[in-house]
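Comments concern the structure below.
Numbering (our numbering), first residue to last: 37 to 260.
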């Protein structure tokens, strides 16, 4: 399944509320970036400040924190449907297994994110247990960063090794480069700045990205 998912990185509650309201009714999912100021430099709005804000959109928490598992029960209680956690915070096999089990216990879908410099090798035995592998195309924690072009080859390699693994990409995705990620094997596209920080309203931007993906899918089906 191909999907465009808006990403909200908010430092203030008002910013979160504004961006959430701008995409209400135009997307099935939204990624909510939660940053602790330790795993990444920047600190986002606290989960406790935004968790109870109502929305019809399915929320997925992108946990850029040193102890992601400690958030699972709260996220479930707030009605979040999924989590994205960084492999770099789970560098022991027991932690990876524990995170997957804990997510399932809390009825949360779970994706594992890989920073640009991290390879997929250590995660290979767990890929059939997670919902997606999210490849970071920038170093996490800041909006508006340029894509690290070396990541394209990484996505191609992962797709070739593990063709049944659903690949998501996050960071620096724009209208003029999204086709590169699609052709490399990505099928979910997590987008922040190119949706929220443009002249056109976020709803228009989401529609434009969806149109691009639909055309890519049609072209792909035509070649098969």
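For each residue, glycine too, the CB sits at the ideal point set by N, CA and C.
This one's a predicted model, so the numbers in the text were calculated from it and none came from an experiment.
Can the beta-carbon of residue 220 be found closer than 8 angstroms to that of residue 202? 8 angstroms or more divides the Cβ of residue 220 from the Cβ of residue 202.
Output the boundary residues of the beta strand (DSSP E) element that contains residue 45. Secondary structure note for residue 45: it is in no beta strand (DSSP E), with a DSSP letter that is neither H nor E.
Residues bridged to residue 170 by DSSP? Note: residue 170 sits in a beta bridge opposite 149 and 204.
C-alpha distance - residue 178 paired with residue 233, whole-angstrom precision: Whole-angstrom Cα-Cα distance: 13 angstroms.
For the stretch 158 to 168 and the stretch 91 to 99, state whether three or more C-beta atom pairs, one from each stretch, are separated by less than 8 angstroms. Using a Cβ-Cβ distance cut-off of 8 angstroms, the stretch 158 to 168 and the stretch 91 to 99 are not in contact, since fewer than three pairs of beta carbons, one from each stretch, lie closer than that value.
Terminal residues of the continuous beta strand (DSSP E) containing residue 121? DSSP places residue 121 inside the beta strand (DSSP E), whose first and last residues are 118 to 122.
Quick one: is residue 149 buried, meaning 16 or more other Cβ sit within 10 Å of its Cβ, or exposed? Looking at its Cβ environment, which holds 16 or more other Cβ atoms inside 10 Å, residue 149 is buried.
Report the rounded CA-to-CA distance for residue 68 versus residue 256, giving the unit in angstroms. Straight-line measurement puts the Cα of residue 256 at about 31 angstroms from the Cα of residue 68.
Quick check: what's the CA-CA separation for residue 204 versus residue 236? About 25 angstroms.
Buried versus exposed call for residue 81 [16 or more other C-beta atoms within 10 Å across all chains shown]: Residue 81 is buried by the Cβ-count criterion.
Residue 70 - containing beta strand (DSSP E), residue span: Element bounds for residue 70: 65 to 71.
Can you tell me whether residue 223 is helix, strand or coil according to DSSP? Coil, per DSSP.
Whole angstroms is fine: what's the gap from residue 145's alpha carbon to residue 212's? Rounded to whole angstroms, residue 145 and residue 212 show a C-alpha spacing of 30 angstroms.
Residues sharing a beta bridge with residue 195, DSSP: Bridge partners of residue 195: none, in fact.
Just curious, the alpha helix (DSSP H) that residue 83 is in, first and last residue? Counting along the chain, the alpha helix (DSSP H) containing residue 83 begins and ends at 83 to 86.
Who are the Cβ neighbours of residue 87 in its own chain at under 6 angstroms, not counting the five residues just before and after it? Same-chain partners within the cutoff: 114.
First and last residue of the alpha helix (DSSP H) that includes residue 230? 229 to 232 is the extent of the alpha helix (DSSP H) around residue 230.
In whole angstroms, what is the alpha-carbon distance linking residue 85 and residue 246? Taking the straight line from one Cα to the other gives about 31 angstroms.
Quick check on DSSP: helix, strand or coil for residue 39? If DSSP states are grouped into helix, strand and coil, residue 39 belongs with the strands.
Leaving out five residues on either side along the sequence, give the residues of the same chain with a beta carbon under 7 angstroms from the beta carbon of residue 55. So the qualifying residues of the chain are 44, 46 and 232.
Are the CB atoms of residue 62 and residue 239 within a distance shorter than 8 angstroms? Yes, the Cβ-Cβ distance between residue 239 and residue 62 is below 8 angstroms.
Starting from residue 111 and walking both ways along the alpha helix (DSSP H), at which residues does that stretch end? 108 to 114 is the extent of the alpha helix (DSSP H) around residue 111.
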